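Quick note on the working numbering: the sequence shown kicks off at 29 and runs consecutively. Beta carbons: idealized from backbone N, C-alpha and C, even for Gly. Treat the numbers as computed from the prediction; the structure is a model and nothing was measured. The structure under discussion appears below in the form of structure tokens.
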Amino acid sequence: MVQFAGQDRCQIDANGRLRLGPRFAAEFERLGAAVMLHAHAEGALGVYPQAVWADMARPEDEAVPQLLSDIRLRRTARTIWPWTEPERVSNQGRITIPHAFRDLLGLTPGTEAAVIGCGCRLEIWNAERWAAEMTLVFEHDRRRAEAQMAAELRTPETTT
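Dropping the structure here:
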């Protein structure tokens, strides 16, 4: 079972590579070096172990004949496959970020990156974008919790 958890910080080197911290590098030693990189619309680079990506892509294989007649499937495919690249985690625990993804995701050489464990995958974020994302998520969760509490306090509970 794949289980990435926690977070690390690192610098993107002059060649557009980053070195994973020991716990993440060890997990790829265990799982194998082949990964699929995918640029997520919210600004993260997803790093999927090859086996996880294969499991996720399998339903798409079943839809191949439908691609000829379903424009929605073709458009969905255009948001996935052009922004996905195979890669290998090196023996030193490094990942090279493809040129096309660097500017798009703010992961240019010299940039501080946040490497985030997200269960079945890692996400690599520009550290400033990661901080902004977490502020957004925590603020949303706080507002949702406040609204839920306010609704519960306004609604008298019925007893049976």
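query	result
Mind checking which residues open and close the alpha helix (DSSP H) that includes E156?	155 to 182
Would a C-beta distance cut-off of 8 Å place P77 and V143 closer than the cut-off?	no
Using a Cβ-Cβ cut-off of 6 Å (strictly less than) and excluding sequence neighbours within five positions of C148, which residues of its own chain qualify?	V30, V80
Short of 6 Å in beta carbon distance, which residues of its chain neighbour W153, apart from the five on each side in sequence? Order them along the chain.	A72, A142
Apart from the five residues just before and just after F129, which ones in its own chain have a Cβ nearer than 8 Å to its Cβ?	L65, A67, L73, W111, E113, L135
Residues bridged to T104 by DSSP?	In DSSP, T104 forms no bridge with anything.
What residue from D98, A62, A160 has the CA that sits closest to A82's CA?	A62
E115: which of R51, G49, F56 sits nearest, CA to CA?	F56
Check L135 in the structure and name its three-state DSSP category.	coil
By Cβ distance below 8 Å, which residues in the same chain neighbour C39 in space, the five residues on each side in sequence not counted?	Reading the sequence as shown, one finds Gln at residue 39 and not Cys. L46, G138, T139, E140, A141.
Assuming I125 and G44 make a contact with CB atoms under 8 Å, what is their CB distance in whole Å?	5 Å
Take R37 and list the residues in its own chain whose beta-carbon comes closer than 8 Å to its own, dropping the five residues that flank it on each side.	E140, A141, A142, V143, A155
How many angstroms separate the CA atom of A175 from the CA atom of A69?	28 Å
What distance in whole Å lies between the Cβ atoms of L96 and A105, which are believed to be in contact at a cut-off of 8 Å?	Actually they are not in contact, since the Cβ atoms of A105 and L96 sit about 12 Å apart, beyond 8 Å.
Suppose you measure from the CA of Q120 to the CA of I99; what does that come to, to the nearest Å?	43 Å
Based on the DSSP secondary-structure assignment, which residues constitute the bridge partners of C148?	C148 pairs with nothing; no bridge assigned.
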